[in-house]
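Below is one structure, written out as structure tokens; comments come after it.
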Amino acid sequence: MNLTELPSDRNLLKILLLLELGLLPYLGTLLSNRFEQQKTPLRRIIVILLCAIYGVLVAAGGHLLSQKSEEQNTHWIQQVQLILGFGYLFALPTIGYLLKTRPGKQTKIPRQIPQAKLQQWRQDLLGAMAAEVNIRLDDSLHNDHLIQLVMADKREEVGRREKITVNPSNSRSLLEGLRKFFRVTTYSEPGQKLIEVFNQEDIAGKLLILGAPGSGKTTMLLDLAKDLITRAQQQPDQPIPIIAELSDWKYNNQPIAEWLAANLKFRYNLPEAITQEWISSGQLLPLLDGLDELGLERQKLCVQQLNQFLNKVPQVVVCCREEEYKAGEQILKMRGAVCLQPLTDQQIEAYLKGLDCQQLWPGIQQDSDGLLELARMPLLLHLIPLAYPDGLKRVEREFKDPKAKEDYQNQCRQRLFQDYIDRKLKESHNRRGYSEEETRRWLGWLAKRLKEGQQTEFWIDKMQPDMLNKSRKKGLYQLSLGLIYGLIFSMIFELSVGLVYGVIYGRFFNKIDLSKTITLSWKDRNKIIEELIYGLIYGLSVGLIYGLNVGLSVGLIRGLIIGLLYGLIRGLSGEEVKTRNKPNQVIKESAKNTVILS
1 MNLTELPSDR
11 NLLKILLLLE
21 LGLLPYLGTL
31 LSNRFEQQKT
41 PLRRIIVILL
51 CAIYGVLVAA
61 GGHLLSQKSE
71 EQNTHWIQQV
81 QLILGFGYLF
91 ALPTIGYLLK
101 TRPGKQTKIP
111 RQIPQAKLQQ
121 WRQDLLGAMA
131 AEVNIRLDDS
141 LHNDHLIQLV
151 MADKREEVGR
161 REKITVNPSN
171 SRSLLEGLRK
181 FFRVTTYSEP
191 GQKLIEVFNQ
201 EDIAGKLLIL
211 GAPGSGKTTM
221 LLDLAKDLIT
231 RAQQQPDQPI
241 PIIAELSDWK
251 YNNQPIAEWL
261 AANLKFRYNL
271 PEAITQEWIS
281 SGQLLPLLDG
291 LDELGLERQK
301 LCVQQLNQFL
311 NKVPQVVVCC
321 REEEYKAGEQ
331 ILKMRGAVCL
341 QPLTDQQIEA
351 YLKGLDCQQL
361 WPGIQQDSDG
371 LLELARMPLL
381 LHLIPLAYPD
391 GLKRVEREFK
401 DPKAKEDYQN
411 QCRQRLFQDY
421 IDRKLKESHN
431 RRGYSEEETR
441 RWLGWLAKRL
451 KEGQQTEFWI
461 DKMQPDMLNK
471 SRKKGLYQLS
481 LGLIYGLIFS
491 MIFELSVGLV
501 YGVIYGRFFN
511 KIDLSKTITL
521 SWKDRNKIIE
531 ELIYGLIYGL
541 SVGLIYGLNV
551 GLSVGLIRGL
561 IIGLLYGLIR
571 GLSGEEVKTR
581 NKPNQVIKES
591 AKNTVILS
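Residues in the sequence shown are numbered from 1 upward in steps of one, following the working numbering.
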């Protein structure tokens, strides 16, 4: 039945139009107040366009209401229906967005979550972090052999003066006076662990780790995380260490707490509200790597966000290359900083002996301007036994020209990487039909894409269409996606309307966002019922508006279908902590969820 056939349809349309004319200006005001919070230019443009659309609809609606009764003919009814349709079509998702992003929502833990559930999340997250740290340490260490690096005190890099010891004696030694006059760099004791520096009273958990490329910053951070996890498992009042890559920080004005919440949501399915609450209350200890991977300009912006974050949390550790940190000319407001020092001859020799590879030492020692200099970096020292397990040819070269020495070291580095890759490719493994040449080409392609995206970790689950390097392939993907969307929408709306929506979605909303966890559990029935109620309310609203054009019964049926699907998806979204460290894990979860929902 069509509303236009009812005698009172004009009065109903006037009421709906009046409600819309009151709602749209209010939504426009709220959106304009959120303008500065938008993280990307595209989102700001969308806010501007929505406010403009609301203004046009309000002006047109006001004009129609002002018309005399004799002018309110069939054409007037069609115009009002059009304005109502567009107005509520834009208003409903706007209301959802404003409710989702209202101040304080993300940081408040829902009261209905029992303490036992929070404790279970803590234990699960600790277990997931322990598994990840152990896997990464196994991958980065040769036979679990960890070199304890020497650390230089660099507290001046975080704007702090050298620690001064108060001497009650009135007389000061000449040596003490000279040490105060001249800046003296102090070094950690050989074998001192990073957690000992982290625990120092004057540092108290706010530490910056600096070093050259390959100096062992990430490995030291992982070793610190391992010690902190052990402490948190033994002492329930200690925070949970979480490792995150700052190269994943995408938006220049994104608060660090918000970014961390989204990061943990993807990696461990931890609810964002819980993450932000735990961060602000000191129950999570962020260990942030890769500040230098952002590029100089974005590094400066990230440091500004980190400094705001540091004012709100008790403990944070950040890793960055020393050269890039100094080039940024921005000081992180930490309480302490250390710089990892190059390995000494004694450390290199001891490491090789520990691996039973002492036959490599004479060849490295003789090549003093080449391999010996490379071996002072833990990353490259780790590669040498893997690339040359059969020994080294002895080479004696000395360069007086610094440029010639630098060129020779670059040649040695390239040769080391090449020999390491060659040996790894010759090992027996399942290439699934890819030749050695194809493997090199695709790995090179992947490395290039990661560098362009300023990423250090590759997740197949996060691959997006923008990785396609040809516009024709992107267009084909968007067209295919649009047809799929169009067929789905056509089941609810008419074929023509569905195809139009499909083309729009395929062109502008083609980002791949894989599944949440779907659970079927009777204990979650209250959540499922609550989300179904919200979904049905949403569906009724859509159905009433859509029914203005196609008939009330048809509109309500289609609206209820939409609401039912919406409520089921949200109600079945699980919240248990899951570790995502296996290839295709999220893709397989998405396929399973598709079967469940079908």
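Glycine residues also receive a C-beta, built at the ideal position from the N, C-alpha and C atoms.
Note that the structure is a prediction, hence the values are computed from the model and not measured.
Three CB pairs or more closer than 8 Å across the segment 270-287 and the segment 241-249: yes
Any C-beta of chain B under 7 Å from that of Ser428: Absent here is chain B; the protein component of the structure consists of one chain.
Which of helix, strand or coil DSSP assigns to Pro241: The residue you call residue 241 lines up with position 241 of the sequence shown. Three-state DSSP puts Pro241 in a strand.
Segments of 4+ residues assigned as alpha helix (DSSP H) that fall wholly inside the segment 297-340: 322-328
Three-state secondary structure (DSSP) of Gln106: Your numbering for residue 106 matches position 106 in the sequence shown. Since pLDDT at Gln106 reaches only 45, below the 50 mark, its modelled position is unreliable, and no value is offered.
Environment of Gly214 [buried if 16+ CB atoms lie within 10 Å]: Here residue 214 is taken as the residue at index 214 of the sequence shown, counted from 1. Burial call: buried.
Backbone CA spacing between Leu352 and Trp442 [nearest angstrom]: Within the sequence shown, numbered from 1, the residue matching residue 352 stands at position 352. Within the sequence shown, numbered from 1, the residue matching residue 442 stands at position 442. Roughly 33 Å between the two C-alpha positions.
8 Å contact criterion, which Trp121 and Leu270 should meet: CB distance rounded: Taking the sequence shown and counting its residues from 1, one reaches residue 121 at position 121. Taking the sequence shown and counting its residues from 1, one reaches residue 270 at position 270. At roughly 7 Å, the Cβ-Cβ gap stays under 8 Å, so Trp121 and Leu270 are in contact.
Glu249, buried or exposed, once every other Cβ within 10 Å from all chains shown has been counted against 16: The sequence position of residue 249 within the sequence shown is 249, counting from 1. One point to set straight first is that residue 249 is Trp, not Glu, in the sequence displayed. When all chains shown are included, Trp249 counts as buried.
Gly211, enclosing beta strand (DSSP E) - first and last residue: Stepping through the sequence shown from its first residue, residue 211 is reached at position 211. Run containing Gly211: 206-211, per the beta strand (DSSP E) assignment.
Nearest-angstrom Cα separation, counted from Arg440 out to Gln414: As a working mapping, residue 414 is identified with position 414 in the sequence shown. As a working mapping, residue 440 is identified with position 440 in the sequence shown. When rounded, the distance between both Cα atoms is 15 Å.
Cα-Cα separation, Gln200 to Ile279: Counting from 1 along the sequence shown, the entry for residue 200 is found at position 200. Counting from 1 along the sequence shown, the entry for residue 279 is found at position 279. Approximately 22 Å, taken between the alpha carbons.
Segment limits, alpha helix (DSSP H) that includes Leu222: If you number the sequence shown from 1, residue 222 lands on position 222. Counting along the chain, the alpha helix (DSSP H) containing Leu222 begins and ends at 217-234.
Leu371 - containing alpha helix (DSSP H), residue span: On the sequence shown, position 371 is the one that residue 371 refers to. That run of the alpha helix (DSSP H) goes 371-375.
Inter-residue CB distance, Tyr408 and Arg397 (contact presumed, cutoff 8 Å): Walking along the sequence shown from the start, residue 408 turns up at place 408. Walking along the sequence shown from the start, residue 397 turns up at place 397. Yes, Tyr408 and Arg397 are in contact; Cβ-Cβ is about 7 Å, under 8 Å.
Three-state secondary structure (DSSP) of Leu19: Here residue 19 refers to the residue found at position 19 of the sequence shown. Leu19 falls in the helix class under three-state DSSP.
Cα-Cα separation, Val47 to Gly96: Position 47 of the sequence shown, counted from the start, is the residue given in the question as residue 47. Position 96 of the sequence shown, counted from the start, is the residue given in the question as residue 96. Distance between the alpha carbons of Val47 and Gly96: 14 Å.
Nearest to Gly363 (by Cα), restricted to the options Ile384, Gln119, Ala128: Position 363 of the sequence shown holds residue 363. Nearest C-alpha to Gly363: Ile384.
Contacting residues, own chain, Cβ-Cβ under 6 Å from Ile83 (five flanking each side not counted): Here the question's residue 83 lines up with position 83 in the sequence shown. Hits under 6 Å: Leu57, Ala60, Gly61.
Collapsed DSSP secondary structure at Trp522 in the structure displayed: Against the sequence shown, residue 522 aligns to sequence position 522. Bear in mind that the predicted position of Trp522 carries a pLDDT of just 48, short of 50, making it unreliable; the figure below should be weighed with that in mind. Helix at Trp522.
C-beta contact flag for Val158 and Leu380 at 7 Å: Residue numbering aside, residue 158 sits at position 158 when the sequence shown is read from its first letter. Residue numbering aside, residue 380 sits at position 380 when the sequence shown is read from its first letter. For Val158 and Leu380, no; Cβs fall outside 7 Å.
Minimum C-alpha distance to Leu193 - residue among Lys226, Glu272, Leu118: Here residue 193 refers to the residue found at position 193 when the sequence shown is read from its first residue. According to the sequence shown, residue 193 is Lys rather than Leu. Lys193 has its Cα closest to that of Lys226, out of Lys226, Glu272, Leu118.
Length of the line joining the Cα atoms of Asn307 and Pro255: Start at 1 with the first residue of the sequence shown, and residue 307 comes out as number 307. Start at 1 with the first residue of the sequence shown, and residue 255 comes out as number 255. Cα to Cα, the separation comes out at about 10 Å.
Asn2 versus Gln81: straight-line alpha-carbon distance, rounded: Along the sequence shown, one-based indexing puts residue 2 at 2. Along the sequence shown, one-based indexing puts residue 81 at 81. Residue confidence for Asn2 is low, a pLDDT of 42 falling below 50, so the modelled location carries little weight; the figure read from the coordinates is stated next. Rounded to whole angstroms, Asn2 to Gln81 spans 12 Å at the Cα level.
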